[in-house]
Every structure is written in structure tokens, then in C-alpha cells.
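Enquirer:
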Amino acid sequence: MGNKYLDGTALTIAIIGAINWALIGLLRFDLVAFILGDMSWLSRIVYVLVGLCGLYLVTFYMHLGDGRGETS
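Shown next as C-alpha cells:
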């Protein structure tokens, strides 16, 4: 977890993916497909990046109870 740039980038991409999924669930509107085309090679890259960032963020669970940042 030591790389703050990688952590921040992965978190930002995952949040964008979450917003896209909220739009799909609520409005049946896929923003990525709207902007980049329905399953174009570029939209597929975006979907893969969102998935990889989500998998990377699973590592955050390993650091939930490690005590860093606590003031006690």
C-alpha cells in the first residue's frame, strides 16, 4: 500500500466505475458506452481498468486493522 499515487488513481477509477454502475442500475444509462461506443476496444479497456482497480483495492482490506493512523 505504500504508493499513494497508485492508491489514489485506483480509487478514482473505481469510483468512476461505481458511478457508471449506479447510472446503469438507476437509469439504464451506460456512460462509458455512450462516450466511447458500445463495447468498442476503448470502452473495453476502461471496463478492464475499472475491474483491475477494484481487484487492487481488495488489498485495502488487509490494512483495515493494522493500527496505522490511530491516535490512541
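Residue numbers (numbering that gives the first Met the number 0): 0 to 71. A virtual CB, placed ideally from N, CA and C, is assigned to each residue, including glycine.
Alpha carbon to alpha carbon, what distance is there between Ala17 and Leu5?
Expert: 18 Å
Enquirer: Please state the DSSP three-state secondary structure of Asn19.
Expert: helix
Enquirer: In the DSSP assignment, find the alpha helix (DSSP H) that holds Gly64 and state where it starts and stops.
Expert: Taken as a continuous stretch (DSSP letters only), Gly64 belongs to no alpha helix (DSSP H), as it is neither H nor E.
Enquirer: Assign Ala13 to one of two classes, buried (16 or more other C-beta atoms within 10 Å of its C-beta) or exposed (fewer than that).
Expert: buried
Enquirer: Taking C-alpha atoms, which residue in Lys3, Asn2, Thr11 lies nearest to Gly53?
Expert: Thr11
Enquirer: Buried or exposed, going by whether 16 or more other CB atoms sit within 10 Å of the CB of Leu63?
Expert: By the C-beta density criterion, Leu63 is exposed, having fewer than 16 other C-beta atoms within 10 angstroms.
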